[in-house]
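Every letter in the sequence shown is one number past the one before it in the working numbering, and letter 80, counting from 1, is 96.
Where is the CB? At the ideal position from N, CA and C, for every residue including glycine.
Small disclaimer: the values here were computed from a predicted structure and weren't measured.
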Amino acid sequence: MQQYYGDEHYQVAEVLHDLSNTQRELNMLNDALENAKKCISIFRKTLKENSSGAATSLNGLGHIYLALGDPITAQTKFEEALEVFENLQEHGFQGVSISETLGNIAVALKQRGETEKAKEYLYNALNMILKVYSETHPRVKKMRELEKELENTHENSEESDDDEL
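Put into structure tokens, the structure is as follows:
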């Protein structure tokens, strides 16, 4: 692909995005990280700083940082993606992308132990995605699973608080 388009073409960025996601799924995290960063750089140069391609890739980069055990950096990347999607909202409905990004932030917050804040992000994500999808949609089901996990985390922390009394 690069031989036809050069190193700085948006289609090269799309391939790098897909490659990075595959590498993350195969637990080739350092390669995934490198390719995700390249792809974001190309999207920002060739499309716009606030392109949906860059935002989607920022979400992917956040997932790589989660897999690397760095929820703080992951949350930062998810928040960057959220800002881009919210800016794009002015030009069309980005509700699904925004809701998924809010859900990603909730996951990062959960990993950081910030259960209550994670619940707030997840609540907002569910409110938005339910405007588009029904309860039976796989994305909604995934968010409901996270909701249950957060409830269990909250209940377990209350039980351990009770044990300390």
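Excluding residues up to 5 positions away in sequence, Arg155, Val156 lie with their Cβ nearer than 7 Å to the Cβ of Tyr149 in the same chain. Nearest to Lys133 by C-alpha distance, out of Val112, Thr169, Met144, is Thr169. Distances from the CA of Gln39 to each of Lys147, Leu77, Ile121, Ile145 were compared; the closest alpha carbon is that of Leu77. Taking 4 residues as the minimum length, the alpha helix (DSSP H) runs contained wholly in the region 20-77 are 26-41, 45-62, in order along the chain.
A Cβ-Cβ separation of about 5 Å places Ile114 in contact with Phe101 under the 8 Å criterion. Using a Cβ distance threshold of 9 Å, Asn37 and Ala29 do not count as a contacting pair. Here Lys126 is not near Leu74, since their CB atoms are 9 Å or more apart. Thr62 and Glu167 have their C-alpha atoms roughly 43 Å apart. Exposed is the label assigned to Lys147, since fewer than 16 other Cβ atoms lie within 10 Å of its Cβ. In terms of Cα proximity to Pro87, the closest of Ile58, Phe59, Glu130, Glu50 is Glu130.
Residue burial annotation: Glu116 is buried, with at least 16 other C-beta atoms found within 10 angstroms of its C-beta. Approximately 18 Å separates the beta-carbon atoms of Leu82 and Cys55; this is outside 8 Å, ruling out the contact. At a Cβ-Cβ threshold of 9 Å, Ile121 and Gln91 count as neighbours. The beta carbon of Asn103 lies closer than 8 Å to those of Asn66 in the same chain, with the five residues before and after it left out. Going by C-alpha positions, Glu136 is about 10 Å away from Leu142.
With distances taken between CA atoms, Ala71 lies nearest to Ala52 out of Gln27, Leu42, Ala52.
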